[in-house]
Structure formats: structure tokens, C-alpha cells
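In this note's numbering, the protein residues as written are 119 to 309.
Accompanying notes for the structure given below.
This is how it looks when you write it as C-alpha cells:
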């Protein structure tokens, strides 16, 4: 039975950790996140930007009308992930950092939260093959994101979903998480 007592200080004051999986559409971020939830010892939540977009009303959005909605969604996503971590929760964030302002905002919002920054890579021909095979992606989206998503160039760990299975990628990420504090976000802030 759950009682309604005050939470112990140790729970309230223990920030969670965040793993940010950054890669293009169809790179395999969600598949890796699913495996991470299985291989990581603590409790982790998989929070993805797609879930936030699914909360929007179904409309035939013009690009002009959708852009500010998407931008606010991204800003809210960062703050929701940070809020979960501030509450002591560990979060795997599945995301495409496709524009510089997105990374700049994430660096600012996650200032006091340990973030393991993971580059999820795959060749463009394989991304295009996956995009077509999935049938639920806008064709050309991965090609549009490909030249910009990794432009910042710094990660704590990188995985290749063309060479490694989602489970193997998750194990590499788990091992890096255990190896010591992440540094990529701090190094990016100093640039």
C-alpha cells in the first residue's frame, strides 16, 4: 500500500541522469532506447519528441503554421526532460538536433543535469532504405537532416546502427555511462 508521507530528502535532492540519443530520422534511436531500458540497472524513462508531436491535434498544417508550433514543442520537450531529471528520474531522450538553436537551448536547459550525449550514426543509403521500408516516414527527411544533425561534432560516445544491433549499441552506451561522468555538453558549452 502506498502511503502519503513526505518523501525522504535523499529522493528529492537526487537529480536524475539524461542520455540524449541524437541522430537522423530512421537512424535507430527508438530501437536503442528500448534496449537501454532493458540493459540499464536503474529505472529509466524513454521520452521522445515524436510522442510530443502526437499530442497535437490532427490538422493539415502548412509549413508556415507548423514551424512555430514545432519550435515551441522542442522548447517544451527540453524542459520536460529536464523536469523529469530534476525530479530524480533517469531519462533516455530520443531526439534529432537538426538545427543549431536546438542544441544551444538544450545546453542551456540541461546546465545542472548530467547528460550523456550519444551520436547515433548510419550511412545515408541505409537511412533512405529504412525510411522507404518503414512506410511511416516522410521520404527525404533523413537526407535533409543528414548533413546537419552531427555538425557540432562532439559526443560522449557514438554508435553505428548499420554495423551494430540496437542491443550492441545499448551495451556500448551502458559501458560509457559506467566509465565516468559525461563531458560532451560541458565541452560544447565552452565553445
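We put the CB at the ideal spot given by N, CA and C, even for glycine.
- Excluding its 5 nearest sequence neighbours in each direction, residue 132 has C-beta neighbours in its own chain below 7 Å: 206, listed in chain order.
- Listed in chain order, the alpha helix (DSSP H) elements of length 4 or more contained wholly in the region 145-191 are 147-157 and 167-171.
- Counting only residues of its own chain and dropping the five nearest sequence neighbours on each side, residue 248 has a CB closer than 6 Å to the CB of 144.
- DSSP links residue 207 through a beta bridge to no other residue.
- Counting only the Cα atoms, residue 189 lies some 12 Å from residue 170.
- Comparing alpha carbon positions, the residue from 187, 229 and 208 closest to residue 160 is 208.
- For the set 149, 241, 305 and 147, the Cα lying nearest the Cα of residue 229 is the one of 305.
- Shortest Cα-Cα distance from residue 224 to any of 196, 298, 243 and 270 involves 196.
- Residue 185 counts as exposed, since fewer than 16 other beta carbons sit within 10 angstroms of its beta carbon.
- For residue 135, the three-state secondary structure derived from DSSP is coil.
- Restricted to the region 223-291, the alpha helix (DSSP H) segments that are unbroken, complete and at least 4 residues in length are 242-252 and 259-263, listed in chain order.
- Cβ atoms of residue 213 and residue 138 come within 8 Å of each other, at about 6 Å.
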